[in-house]
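*Asks:* For the sequence shown, UniProt numbering assigns the number 1 to the initial residue and increments by one for each residue that follows.
Just so it is clear, CB atoms sit at the ideal spot from N, CA and C, and this is done for glycine as well.
Structure in structure tokens, see below.
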Amino acid sequence: MVKHLLFVKMHSLHKVITFQFPLFCFFLLLSPLYSNAAVAPLPKPNNNNNALVEKACTYIPDKPFCLNYLKSNPKVISKSNPLEFALAIIQSGADDAKNIHAYLSKPKGKQSPQAIQAYKDCKTNWENLASGLERSVKFIKEEQGYGYDTTDYDLKVNLDKANWCGNALESARIQDPVIAQGVKKVSLAVMGADAILVGVKPPKKLD
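What follows is the structure, encoded as structure tokens:
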């Protein structure tokens with residue numbers, strides 16, 4: 001009798017295990033589907049977005065890179081208002097500059113005195129570049145465009161910092177692909193935003 005009960009319990013336990021194990025595997029296989037579904041897709045650009053992207057990339061030498069950069073950035077491609085679109089591009093450039101500054105803040109291993117000084121100069125320049133672009137965002141937003149004669153100049157002159165870093169690296173005979181890519185992105189941000197902002201008419205100020 002005891003053996004019979006033991007056999008029944010073991011048989012029932014075996015049925016539970018064989019039932020639960022495939023069920024667990026089923027949910028495990030489905031879990032990536034749920035995690036992927038939770039990722040928000042990129043906003044689909046409408047005709048106005050596409051027109052703004054094309055206009056922003058007008059004077060960019062590497063147009064395919066420009067198109068991909070803007071269309072793959074949800075904070076940019078979600079804007080259909082020209083001013084907001086331009087501001088989002090500049091802010092994206094500021095974020096890229098911060099990333100380069102963070103890269104320059106990391107140890108680079110054993111280097112020559114010239115390389116150490118070059119990277120030190122670059123770190124300062126890229127920090128100033130990031131803060132300069134964010135100031136441009138602030139002023140252009142307040143003025144609702146190029147409100148004063150120097151606003152466009154102040155935006156473009158930010159790129160001088162990237163050039164100064166490039167000169168320092170060149171003097172030390174350093175080729176850094178990470179910084180080179182950063183220069184490409186911030187240059188795109190400034191030139192692309194400028195191409196949009198020249199067509200934005202800020203409201204007239206009352207005397």
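Rank I140, L104, K161 and P64 by C-alpha distance to the C-alpha of I90 and give the top, closest one.
*Replies:* Here the closest residue by C-alpha is I140.
*Asks:* Let me confirm a value: I179 is counted as buried when at least 16 other C-beta atoms fall within 10 Å, else exposed. Which label applies?
*Replies:* Buried, by the Cβ-count rule.
*Asks:* Spatial neighbours of K108 within its chain, please: C-beta separation below 7 Å, excluding the five flanking residues on both sides.
*Replies:* Y119.
*Asks:* Can you grab the Cα-Cα spacing for the pair P32 / E143, in whole Å?
*Replies:* Below a pLDDT of 50, predicted positions are generally treated as unreliable, and P32, at 38, falls in that range; no measurement from the model is reported.
*Asks:* Quick one: give me the first and last residue of the alpha helix (DSSP H) that Q181 is part of.
*Replies:* Counting along the chain, the alpha helix (DSSP H) containing Q181 begins and ends at P177 to L197.
*Asks:* Would the region 179 to 194 count as touching the region 95 to 104 if we require 3 or more Cβ pairs under 8 Å?
*Replies:* They touch, by the three-pair rule.
*Asks:* Using only the alpha-carbon positions, how far apart do Q114 and I174 sit?
*Replies:* Near 10 Å, if we compare the C-alpha coordinates of I174 and Q114.
*Asks:* By Cβ distance, which residues of its chain are closer than 7 Å to S92, with the 5 residues on each side in sequence left out?
*Replies:* The answer, listed in chain order, is N73, K75, V76 and A189.
*Asks:* Give me the Cβ distance between A162 and Y59, rounded to the nearest whole Å; I'm assuming they're in contact under 8 Å.
*Replies:* The pair is not a contact, with the Cβ atoms about 17 Å apart (cut-off 8 Å).
*Asks:* Are the Cβ atoms of C165 and D121 separated by less than 8 Å?
*Replies:* Their beta carbons are under 8 Å apart, which means C165 touches D121 by this criterion.
*Asks:* Between the C-alpha atoms of K204 and E84, what's the straight-line distance to the nearest angstrom?
*Replies:* Spanning the two alpha carbons is a distance of roughly 19 Å.
*Asks:* When the Cα atoms are used, what is the spatial distance from G132 to D160?
*Replies:* Their Cα atoms are separated by approximately 11 Å.
*Asks:* Please state whether DSSP places S112 in a helix, a strand or coil.
*Replies:* If DSSP states are grouped into helix, strand and coil, S112 belongs with coil.
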